[in-house]
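2 protein chains.
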Amino acid sequence: MATIKDVAERVGVSVTTVSRVLNNRGYLSEDLKRRVYQAMEELNYQPNELARSLFRKKSNIIGLIIPDISHPFFSEIAIHIETFAYKSGYKILLCNSQLDKKKEKDYLNMLKASQVDGIIMGSHTLDTEEYKSINMPLVTLDRQLSESIPYVSSDHYKGGQLATKLLIRKGCKKIAHISGNLKLHLLAKARYDGFIDTVKKHSINHVVVQTDLNGFKYDEYKKIVTELFLKHPDLDGVFASSDLIAAQVLKECKRLGKRVPEDVKVVGFDGIRVGEFMMPGLSTIQQPIKDIAKTAVKLLIDWINGTEVPRENILPVKLIEKETT
Amino acid sequence: MATIKDVAERVGVSVTTVSRVLNNRGYLSEDLKRRVYQAMEELNYQPNELARSLFRKKSNIIGLIIPDISHPFFSEIAIHIETFAYKSGYKILLCNSQLDKKKEKDYLNMLKASQVDGIIMGSHTLDTEEYKSINMPLVTLDRQLSESIPYVSSDHYKGGQLATKLLIRKGCKKIAHISGNLKLHLLAKARYDGFIDTVKKHSINHVVVQTDLNGFKYDEYKKIVTELFLKHPDLDGVFASSDLIAAQVLKECKRLGKRVPEDVKVVGFDGIRVGEFMMPGLSTIQQPIKDIAKTAVKLLIDWINGTEVPRENILPVKLIEKETT
Chain A
2 MATIKDVAER VGVSVTTVSR VLNNRGYLSE DLKRRVYQAM EELNYQPNEL
52 ARSLFRKKSN IIGLIIPDIS HPFFSEIAIH IETFAYKSGY KILLCNSQLD
102 KKKEKDYLNM LKASQVDGII MGSHTLDTEE YKSINMPLVT LDRQLSESIP
152 YVSSDHYKGG QLATKLLIRK GCKKIAHISG NLKLHLLAKA RYDGFIDTVK
202 KHSINHVVVQ TDLNGFKYDE YKKIVTELFL KHPDLDGVFA SSDLIAAQVL
252 KECKRLGKRV PEDVKVVGFD GIRVGEFMMP GLSTIQQPIK DIAKTAVKLL
302 IDWINGTEVP RENILPVKLI EKETT
Chain B
2 MATIKDVAER VGVSVTTVSR VLNNRGYLSE DLKRRVYQAM EELNYQPNEL
52 ARSLFRKKSN IIGLIIPDIS HPFFSEIAIH IETFAYKSGY KILLCNSQLD
102 KKKEKDYLNM LKASQVDGII MGSHTLDTEE YKSINMPLVT LDRQLSESIP
152 YVSSDHYKGG QLATKLLIRK GCKKIAHISG NLKLHLLAKA RYDGFIDTVK
202 KHSINHVVVQ TDLNGFKYDE YKKIVTELFL KHPDLDGVFA SSDLIAAQVL
252 KECKRLGKRV PEDVKVVGFD GIRVGEFMMP GLSTIQQPIK DIAKTAVKLL
302 IDWINGTEVP RENILPVKLI EKETT
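So the protein lines, in turn, are chains A and B.
Position 83 of the first sequence, counting from 1, maps to 84 under my numbering, and the rest follow consecutively.
Position 66 of the second sequence, counting from 1, maps to 67 under my numbering, and the rest follow consecutively.
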């Protein structure tokens with residue numbers, strides 16, 4: 002098996018120079034890099050990344066903690082995070098917390114011990130303190146943890162306003178908002194604030210029910226939506242806090258013989274691709290999922306590289322008006 | 002910062018014993034383990050996993066190579082793979098090949114160099130030879146690479162038969178099959194074989210068009226389905242090789258004013274949860290996604306631990322008959 006010394010000899014440079022090329026450290030001419038990589042190829046030299054990591058104190062791995070990769074919003078975020086990370090030479094360690102405190106803590110400890118270079122966090126069931134003590138670059142999605150931790154989020158308040166104004170403009174007199182969990186300190190709660198401020202401003206009758214957006218809780222959605230229409234048969238507008246919940250509302254309307262949009266108008270949230278594909282007529286608030294991913298990866302890598310990064314990163318949403326309103 | 006020596010002193014055992022506990026090696030009493038972990042906690046000792054990996058030659062990381070995590074089939078496989086791996090003390094490094102040869106090769110080299118303990122592979126654009134030379138435990142999903150590499154797959158042939166028989170039983174006279182890429186050596190090709198054998202046996206008029214199932218190629222699906230109905234306006238049955246493609250067929254039928262199931266009957270494949278949720282009436286062939294994931298993780302870990310594993314692992318599918326047939 003070829004060693005780094007063999008590569009150095011083949012190129013006619015020192016081992017330190019080869020090591021500098023492998024770690025991309027200091028000034029390196031393109032010609033030198035080309036020759037080193039060519040020699041590596043010819044000798045079939047496999048640098049041991051673990052050993053290199055120890056030496057450099059860098060693993061080039063980012064830990065991604067999300068609630069559930071099978072939720073379409075998170076799988077869509079994940080493909081973009083992975084794509085941007087890959088382009089920057091980073092790999093992704095996938096951690097699904099499944100909103101389980103023990104699992105999330107296990108992963109957090111594991112990520113600390115594995116010396117990943119940083120963490121992108123889109124889930125938190127643990128106390129903010131646990132995250133503050135992490136002591137490595139950390140960027141959150143939709144979570145505002147402390148004064149020092151940067152976060153990326155959509156403009157949820159604006160999204161809540163846009164959805165509600167659309168329903169009011171279309172003539173709705175009694176509107177329900179099916180929100181996410183309002184007790185978690187998620188920035189997505191601002192969708193609720195945008196809703197409440199708008200219905201109050203226009204003195205519109207309204208109802209709010211809570212669910213948990215982060216998991217893939219189909220049965221919970223069904224129960225909540227069924228009860229909502231049972232209690233409020235006169236609803237004529239629903240602002241659902243995710244496209245998945247909007248799907249449940251559409252199903253329930255069909256079951257009850259209510260026509261959409263004639264009897265009930267429905268707006269979702271997220272603008273996930275799979276929703277666009279399977280429910281092509283759904284009006285929704287589109288989050289800039291690709292930009293969120295790109296921004297999170299950029300902030301994290303900048304931080305890893307010692308660049309100061311802005312704390313607040315709020316990205317614009319877009320109203321997509323289709324057949325359900 | 003506490004060292005392993007501090008932990009050993011606190012417990013009153015040797016460093017070797019603490020190391021054995023950390024690596025779960027040899028006989029260890031529950032009491033000893035408890036005392037060591039308690040001392041670690043009290044001293045806030047963080048074992049350096051990278052250093053331990055080098056020592057043990059084990060990273061407890063599994064590389065997962067799939068085409069695209071944002072495709073619902075793969076995101077659903079991934080959540081189960083991660084869950085079972087986590088229960089066995091393994092972490093998942095997420096690699097999306099996006100059907101890009103260069104990216105897949107990069108990841109493969111990276112996984113070799115990082116010394117992951119094994120690979121679960123659900124994507125291949127590279128030559129079989131590249132995989133044979135990997136020289137570490139490898140389990141494939143739906144891919145038969147060589148005599149020595151174990152694979153996990155649904156009973157695609159049976160699925161093709163079940164879908165086609167259902168359409169024939171419901172009275173279809175001209176059936177289209179929208180298949181995956183038949184040139185890739187995927188076991189999913191057996192869906193096509195099951196279709197062809199069944200229509201031929203019953204002397205039913207049929208058409209086959211190919212697409213690529215692995216990516217999230219919405220525009221491609223649209224083009225293929227539009228052309229299919231343009232060329233064959235007399236189709237009265239479609240067996241789509243994924244629920245996503247079935248969604249496109251349903252949209253096209255709606256656009257053309259064809260009623261489902263009266264004018265055209267449609268069966269999908271996969272039985273993904275998000276499809277069940279957003280298209281509750283779709284008849285489909287359900288793959289045992291959770292069992293596929295569980296089997297793949299078990300086989301891989303067994304192999305890593307030196308146990309001999311069966312090469313062929315074919316799991317049963319299930320016909321789910323709903324409103325579109």
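Don't be surprised by glycine CBs; every beta carbon is placed ideally from N, CA and C.
Nothing here was measured: the structure is a model prediction, and the numbers come from that model.
**Asked** Using 8 Å as the limit for Cβ to Cβ distance, is residue 21 of chain A near chain B?
**Response** Residue mapping note: residue 21 of chain A aligns to position 20 of the first sequence, counting from 1. No, no contact with chain B.
**Request:** Could you round the C-beta distance between residue 34 of chain A and residue 62 of chain A to whole angstroms and report it? I think they count as a contact, below 8 Å.
**Result:** Reading the first sequence from its first residue, position 33 is the one you call residue 34 of chain A. Reading the first sequence from its first residue, position 61 is the one you call residue 62 of chain A. That pair is no contact at about 23 Å.
**Message:** Under DSSP, the beta strand (DSSP E) around residue 141 of chain A begins and ends at which residues?
**Reply:** Translated into positions along the first sequence, residue 141 of chain A becomes position 140. Taken as a continuous stretch (DSSP letters only), the beta strand (DSSP E) holding residue 141 of chain A covers 139 to 142.
**Request:** Note down, one range per segment and in chain order, each alpha helix (DSSP H) of at least 4 residues found wholly within the stretch 154 to 188 of chain A.
**Result:** 157 to 170
**Message:** Looking at the secondary structure, which residues open and close the alpha helix (DSSP H) in which residue 326 of chain A lies?
**Reply:** Reading the first sequence from its first residue, position 325 is the one you call residue 326 of chain A. Taken as a continuous stretch (DSSP letters only), residue 326 of chain A belongs to no alpha helix (DSSP H), as it is neither H nor E.
**Message:** For a cutoff of 8 Å on Cβ pairs, would you count residue 111 of chain B as touching chain A?
**Reply:** As a first step, residue 111 of chain B must be located in the second sequence, where it is residue number 110. Chain A, which has a Cβ nearer than 8 Å to the Cβ of residue 111 of chain B, makes this yes.
**Message:** I'd like to know if residue 93 of chain A contacts chain B, where contact means its C-beta is closer than 8 Å to some C-beta of that chain.
**Reply:** Numbered from 1 along the first sequence, position 92 holds the residue referred to as residue 93 of chain A. At least one chain B Cβ lies under 8 Å of residue 93 of chain A.
**Message:** Under 8 Å: do the stretch 276 to 292 of chain A and the stretch 302 to 312 of chain A share three or more Cβ pairs, one atom per stretch?
**Reply:** no
**Request:** Could you tell me how far apart the beta carbons of residue 79 of chain B and residue 70 of chain A are, in whole angstroms, since I believe they sit closer than 8 Å?
**Result:** Locating residue 79 of chain B in the second sequence gives position 78, counting from the first residue. Locating residue 70 of chain A in the first sequence gives position 69, counting from the first residue. Right, the Cβ-Cβ distance comes to about 5 Å (below 8 Å), so this counts as a contact.
**Separation of residue 298 of chain B from residue 94 of chain B, as counted between CA atoms** = Position 93 of the second sequence holds residue 94 of chain B. Position 297 of the second sequence holds residue 298 of chain B. One alpha carbon belongs to residue 94 of chain B, the other to residue 298 of chain B, and they sit about 13 Å apart.
**Request:** Determine which residues of the stretch 94 to 109 of chain A have a Cβ less than 9 Å from any Cβ of chain C, and write them out in chain order.
**Result:** Chain labels in this structure do not include chain C; the protein chains are A and B.
**First through last residue of the beta strand (DSSP E) which encompasses residue 92 of chain A** = As a first step, residue 92 of chain A is located in the first sequence; it is residue number 91 there, counting from the start. Run containing residue 92 of chain A: 92 to 97, per the beta strand (DSSP E) assignment.
**Message:** Below 8 Å, how does it come out for the stretch 166 to 178 of chain A and the stretch 132 to 149 of chain A: are there three or more Cβ pairs, yes or no?
**Reply:** no
**Asked** Going along the stretch 127 to 150 of chain B in order, which residues come within less than 7 Å of chain A, judged by CB to CB distance?
**Response** So nothing in the stretch comes that close.
**Request:** Return no unless some Cβ of chain B is closer than 8 Å to the Cβ of residue 301 of chain A.
**Result:** Taking the first residue of the first sequence as position 1, residue 301 of chain A is located at position 300. False, the Cβ-Cβ gap to chain B never drops below 8 Å.
**Message:** Going by DSSP, what residue range makes up the beta strand (DSSP E) through residue 65 of chain B?
**Reply:** Against the second sequence, residue 65 of chain B aligns to sequence position 64. 62 to 67 is the extent of the beta strand (DSSP E) around residue 65 of chain B.
**Message:** Distance check for residue 133 of chain B and residue 126 of chain B, CA to CA, integer angstroms please.
**Reply:** Locating residue 126 of chain B in the second sequence gives position 125, where the first residue counts as 1. Locating residue 133 of chain B in the second sequence gives position 132, where the first residue counts as 1. Going by the C-alpha atoms only, they are around 14 Å apart.
**Prompt:** Under the three-state reduction of DSSP, which class applies to residue 306 of chain A: helix, strand or coil?
**Reply:** Numbered from 1 along the first sequence, position 305 holds the residue referred to as residue 306 of chain A. Residue 306 of chain A falls in the coil class under three-state DSSP.
**Request:** Would you grab the beta carbon distance between residue 199 of chain A and residue 224 of chain A for me? Rounded to a whole angstrom, and I think it's under 8 Å.
**Result:** Mapped onto the first sequence, residue 199 of chain A falls at position 198. Mapped onto the first sequence, residue 224 of chain A falls at position 223. Not a contact, Cβ separation roughly 27 Å.
**Item:** Contacts that residue 85 of chain B makes with chain A (C-beta to C-beta distance below 9 Å)
**Value:** Along the second sequence, read from residue 1 onward, the residue named residue 85 of chain B stands at position 84. What residue 85 of chain B touches in chain A: nothing, since even the nearest Cβ is about 12 Å away.
**Prompt:** Three-state secondary structure (DSSP) at residue 55 of chain A?
**Reply:** Here the question's residue 55 of chain A lines up with position 54 in the first sequence. At residue 55 of chain A the pLDDT is 49, less than 50, meaning the model places this residue with poor confidence; the figure from the coordinates comes in the next sentence. If DSSP states are grouped into helix, strand and coil, residue 55 of chain A belongs with the helices.
**Asked** Given 8 Å as the limit, is there contact between the stretch 266 to 273 of chain B and the stretch 233 to 251 of chain B, that is, 3 or more CB pairs closer than that?
**Response** yes
**Prompt:** Alpha carbon to alpha carbon, how far is residue 327 of chain A from residue 137 of chain A?
**Reply:** No answer is possible for residue 327 of chain A: it lies beyond the span of chain A, which begins at 2 and ends at 326.
**Request:** Please compile the residues from chain A whose C-beta is within a distance smaller than 8 Å of the C-beta of residue 38 of chain B.
**Result:** Counting from 1 along the second sequence, the entry for residue 38 of chain B is found at position 37. Those within 8 Å of residue 38 of chain B in chain A number zero; the least Cβ separation is about 12 Å.
**Request:** Reducing DSSP to helix, strand and coil, say where residue 205 of chain B ends up.
**Result:** Walking along the second sequence from the start, residue 205 of chain B turns up at place 204. Residue 205 of chain B falls in the coil class under three-state DSSP.
**Request:** For residue 41 of chain A, return the contacting residues in chain B, with the cut-off set at a CB-CB distance below 9 Å.
**Result:** Position 40 of the first sequence, counting from 1, holds the residue named residue 41 of chain A. Chain B residues near residue 41 of chain A: none, gap ~11 Å exceeds 9 Å.
**Request:** In the DSSP assignment, find the beta strand (DSSP E) that holds residue 259 of chain B and state where it starts and stops.
**Result:** Start at 1 with the first residue of the second sequence, and residue 259 of chain B comes out as number 258. From DSSP, residue 259 of chain B is part of no beta strand (DSSP E); its letter is neither H nor E.
**Length of the line joining the Cα atoms of residue 67 of chain B and residue 231 of chain A** = Looking up residue 67 of chain B in the second sequence gives position 66. Looking up residue 231 of chain A in the first sequence gives position 230. Those two C-alpha atoms are separated by around 43 Å.
**Prompt:** What is the rounded straight-line gap between the Cα of residue 14 of chain B and the Cα of residue 107 of chain A?
**Reply:** Taking the second sequence and counting its residues from 1, the one referred to as residue 14 of chain B is at position 13. Taking the first sequence and counting its residues from 1, the one referred to as residue 107 of chain A is at position 106. Rounded to whole angstroms, residue 14 of chain B to residue 107 of chain A spans 26 Å at the Cα level.
**Prompt:** Can you find a C-beta in chain A that's less than 8 Å from the C-beta of residue 73 of chain B?
**Reply:** In the second sequence, the residue the question calls residue 73 of chain B occupies position 72. True, the Cβ-Cβ gap to chain A drops below 8 Å.
**Which of helix, strand or coil DSSP assigns to residue 314 of chain B** = Taking the second sequence and counting its residues from 1, one reaches residue 314 of chain B at position 313. Of the three classes helix, strand and coil, the one that applies to residue 314 of chain B here is strand, per DSSP.
**Asked** Looking only at C-alpha atoms, which of B:64, B:115, B:60, B:110 sits nearest to residue 111 of chain A?
**Response** Counted from its first residue, the first sequence places residue 111 of chain A at position 110. That would be B:60, whose Cα lies nearest to the Cα of residue 111 of chain A.
**Asked** Can you tell which of B:115, B:7, B:64 has its C-alpha closest to the C-alpha of residue 301 of chain B?
**Response** As a position in the second sequence, residue 301 of chain B is number 300, starting the count at 1. Selected option, being the one with the closest Cα: B:64.
**Prompt:** Can we say the stretch 36 to 46 of chain A touches the stretch 37 to 45 of chain B, given the rule of at least three CB pairs closer than 8 Å?
**Reply:** no
**Prompt:** Run through DSSP, which three-state label would residue 301 of chain A get?
**Reply:** For the purposes of this step, residue 301 of chain A is identified with residue 300 of the first sequence, where counting begins at 1. Residue state, collapsed to three classes: helix.
**Request:** Spatial neighbours of residue 326 of chain B within its chain, please: CB distance less than 8 Å, with the 5 preceding and 5 following residues excluded, ordered by chain position.
**Result:** Position 325 of the second sequence holds residue 326 of chain B. Result list for residue 326 of chain B: 167, 168, 171, 262, 266, 267, 268, 284, in chain order.
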